[in-house]
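Peer 1: Pasting a structure here, questions to come.
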Amino acid sequence: IKEEIERLHDQLKAAEAKEAERIGRIAVKAGLGDLDIDEAKLSDVFAEIAGRFQAGSEKRRQAAPKPARPAEGDA
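Structure (structure tokens):
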């Protein structure tokens with residue numbers, strides 16, 4: 004069972020990395036890479052966008068963790 008859990012965990016990490024790359028490419032194409040915006044603000048905007056598409060699903064919105072904000076001075 005432990006091996007199966009580890010295999011599934013690895014699959015999840017790979018899927019998350021693939022999705023992060025996809026979203027990153029879209030963000031760069033949209034010009035977000037050229038903006039001088041701190042990570043906390045950008046994270047808030049992404050959360051707002053996600054909320055727009057999850058409006059009909061309160062359960063999904065509650066399950067999605069809010070991105071961690073960097074400590075003051077890290078941005």
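Each number in the numbering used here corresponds to the 1-based position in the sequence shown with 3 added. We treat Cβ as the ideally placed atom computed from N, Cα and C, and that holds for glycine. None of these values were measured; they are calculated from a predicted model.
Quick one: what does DSSP say Asp37 is sitting in, helix, strand or coil?
Peer 2: The residue you call residue 37 lines up with position 34 of the sequence shown. Looking at Asp37 - three-state DSSP - the assignment turns out to be helix.
Peer 1: Using the three-state DSSP reduction, which class does Ala50 fall into: helix, strand or coil?
Peer 2: Along the sequence shown, read from residue 1 onward, the residue named residue 50 stands at position 47. If DSSP states are grouped into helix, strand and coil, Ala50 belongs with the helices.
Peer 1: Using DSSP with H/G/I as helix, E/B as strand and the rest coil, what is Ile8?
Peer 2: Working through the sequence shown from its first residue, we reach residue 8 at position 5. Assigned with DSSP and collapsed to three states, Ile8 falls in helix.
Peer 1: Hey, how far is the Cα of Asp39 from the Cα of Leu45?
Peer 2: Position 36 of the sequence shown, counted from the start, is the residue given in the question as residue 39. Position 42 of the sequence shown, counted from the start, is the residue given in the question as residue 45. Going from the Cα of Asp39 to the Cα of Leu45 covers about 10 Å.
Peer 1: May I have the straight-line CA-CA distance separating Gly36 from Glu22, to the nearest angstrom?
Peer 2: Counted from its first residue, the sequence shown places residue 36 at position 33. Counted from its first residue, the sequence shown places residue 22 at position 19. For Gly36 and Glu22, the distance between alpha carbons rounds to 17 Å.
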